[in-house]
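Step one of this worksheet: look at the structure below.
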Amino acid sequence: MKALTHTSYKALEFGDAPDPVIGPTDVLVAIHACGICGSDIHGMDGSSGRRVPPIIMGHEAAGVITEVGNSVNDWKVGDRVAFDSIVFCGRCKSCRSGRTNLCSDRRVIGVSCDEYRRHGAFAELLSLPQHVLFSVPDEVSFEQAAFGEPLAVAMHAVNRVNLVGGETALVIGAGLIGLLVTQVLKQKGASQVFVSDLDVDRLALAKKLGANDGWNATTEDVAARIKAVTEGAGADVVIECVGAGPTIGQAVECVRNGGTIGCIGNLATEVDLPLQQLVTREISMFGSCASSGEYGEAMAALAAGEIQVEPLTSAVAELSEGNDWFQKLYNGGEFDSSYLKVILKPNC
Ligand SMILES: [Zn+2]
Ligand SMILES: [Zn+2]
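Here the sequence shown is numbered in the working numbering, starting from 40 and rising by one per residue.
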């Protein structure tokens, strides 16, 4: 098969790779669309230690089943599928409690690290265990379905808040995840959603996607703005999609007493936390990582047109052009608002 292989740091090569072999409980999927994730870009220079060459990256994908193992009963050749990027064991304590994203023996597709190497979807074919598959509704294109992974991540974070409806929310960071979180907050009942970022184009896009307003954190006092629209109280919910000291501080400043801060971003490994405020104002703070079964919900929302992903799609290209796109994104394009999500197509 043809594949885009990360052969050495900062280098990718499009060429022949061995066809994947499937076991009795696996399926073989012809990949039709696979998104380039920020973690793939950060991984290609070795800084994350999560894309050790040689590895075929790619974990945000969808395609069609071309072969099924002997013991596969629930899926058949021709089914359109997307998949959970985490291959979980199904047996550990986390898996048994439904928190498959916290599996103690998880293997992430398209990742290679000290413990394992699991090839991903920047290839014509990918072998997947049947238990990570989700079906893609007919109304959803493969390009849309490739957003299933980041959308499930956004939904997982919002689900952890347990919205009751009518909340005022603030999203810090209007990157791809922030723009999906913005839409999911609205879809799940928040009455007002505000967004802060440093990039005016991304703020404009946030408003186009349903945000009540977008505030430029370099020129505006975001805390004053959120207080002005909440009778001085602050946001009920803040979802922090950056993960840096200043934005964590901003989250604490902007949340109301007794409010909730969800953290998805983790740009910095450690930050200072205004602990006294957290304690005396009884702020709840939680982390959110990947997703645990939200793919079905994500596909349904895409099929119903409740979440828009076309405005987030910057480019769709053939897999053979993948190296050019990776280099462009690595050399700064990732922070360019015109490159929110690039999708590669191994089978055109
Ligand atoms: Zn990703
Ligand atoms: Zn497990």
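Don't be surprised by glycine CBs; every beta carbon is placed ideally from N, CA and C.
Which partner residues of residue i appear in the DSSP bridge assignment?
i: Pro168; result: Asp65
i: Ser174; result: Val120
i: Asp252; result: Phe233
i: Ile104; result: Val68
i: His45; result: Leu51, Ile94
i: Ala162; result: Ala42
i: Ala274; result: Val294
i: Phe325; result: Gly301
i: Leu306; result: DSSP lists no partner for Leu306.
i: Arg135; result: Beta-bridge pairing links Arg135 to no other residue.
i: Ala356; result: Leu383
i: Glu99; result: Gly74
i: Glu279; result: Ile211, Cys302
Quick one: is the Cβ of residue i within less than 7 angstroms of any heavy atom of ligand 2?
i: Cys328; result: no
i: Arg146; result: no
i: Gly88; result: no
i: Ser133; result: yes
i: Gly129; result: yes
i: Ser331; result: no
i: Ser143; result: yes
Determine, using beta carbons only, whether residue i and residue j come nearer to each other than 8 angstroms.
i: Val232; j: Asn251; result: yes
i: Ile382; j: Thr352; result: yes
i: Phe161; j: Gly326; result: no
i: Val276; j: Gly298; result: yes
i: Val348; j: Phe181; result: no
i: Glu106; j: Ile148; result: no
i: Ser166; j: Pro93; result: no
i: Asn370; j: Glu163; result: no
i: Thr207; j: Ser235; result: no
i: Ile104; j: Val120; result: yes
i: Ile300; j: Met324; result: yes
i: Leu172; j: Val310; result: no
i: Leu215; j: Leu244; result: no
i: Ala69; j: Ala191; result: no
i: Val281; j: Gly304; result: yes
i: Ala213; j: Arg241; result: yes
i: Val91; j: Cys152; result: yes
Distance, Cα to Cα, residue i vs residue j?
i: Ile265; j: Gln226; result: 21 angstroms
i: Val175; j: Tyr334; result: 10 angstroms
i: His71; j: Met40; result: 14 angstroms
i: Asp260; j: Val220; result: 22 angstroms
i: Phe122; j: Val294; result: 35 angstroms
i: Arg199; j: Leu51; result: 37 angstroms
i: Ser331; j: Arg138; result: 6 angstroms
i: Ala56; j: Lys384; result: 16 angstroms
i: Val150; j: Ser124; result: 10 angstroms
i: Glu154; j: Cys328; result: 20 angstroms
i: Leu358; j: Gly129; result: 33 angstroms
i: Ile211; j: Ala263; result: 15 angstroms
i: Val291; j: Thr269; result: 15 angstroms
i: Glu188; j: Glu178; result: 18 angstroms
i: Thr319; j: Val223; result: 30 angstroms
i: Gln169; j: Arg156; result: 19 angstroms
i: Val203; j: Ile278; result: 16 angstroms
i: Gly205; j: Met96; result: 40 angstroms
i: Thr64; j: Leu43; result: 26 angstroms
i: Ala100; j: Gly85; result: 23 angstroms
i: Gln316; j: Ala267; result: 20 angstroms
i: His45; j: Ala283; result: 29 angstroms
i: Ala307; j: Lys247; result: 30 angstroms
i: Gly117; j: Gly102; result: 9 angstroms
i: Val239; j: Asn255; result: 7 angstroms
i: Gly108; j: His98; result: 21 angstroms
i: Ala184; j: Leu341; result: 8 angstroms
i: Ile287; j: Trp114; result: 44 angstroms
Return yes when at least one heavy atom of ligand 1 lies under 7 angstroms from the C-beta of residue i, else no.
i: Ser78; result: yes
i: His158; result: no
i: Glu182; result: no
i: His98; result: yes
i: Glu336; result: no
i: Glu292; result: no
i: Pro385; result: no
i: Pro313; result: no
i: Pro59; result: no
I'd like to know whether the C-beta of residue i is nearer than 8 angstroms to at least one C-beta of chain C.
i: Leu358; result: The structure shown has no chain C; it contains just one protein chain.
Using a Cβ distance threshold of 8 angstroms, determine whether the stretch 72-79 contacts the stretch 125-142, with at least three qualifying pairs required.
no
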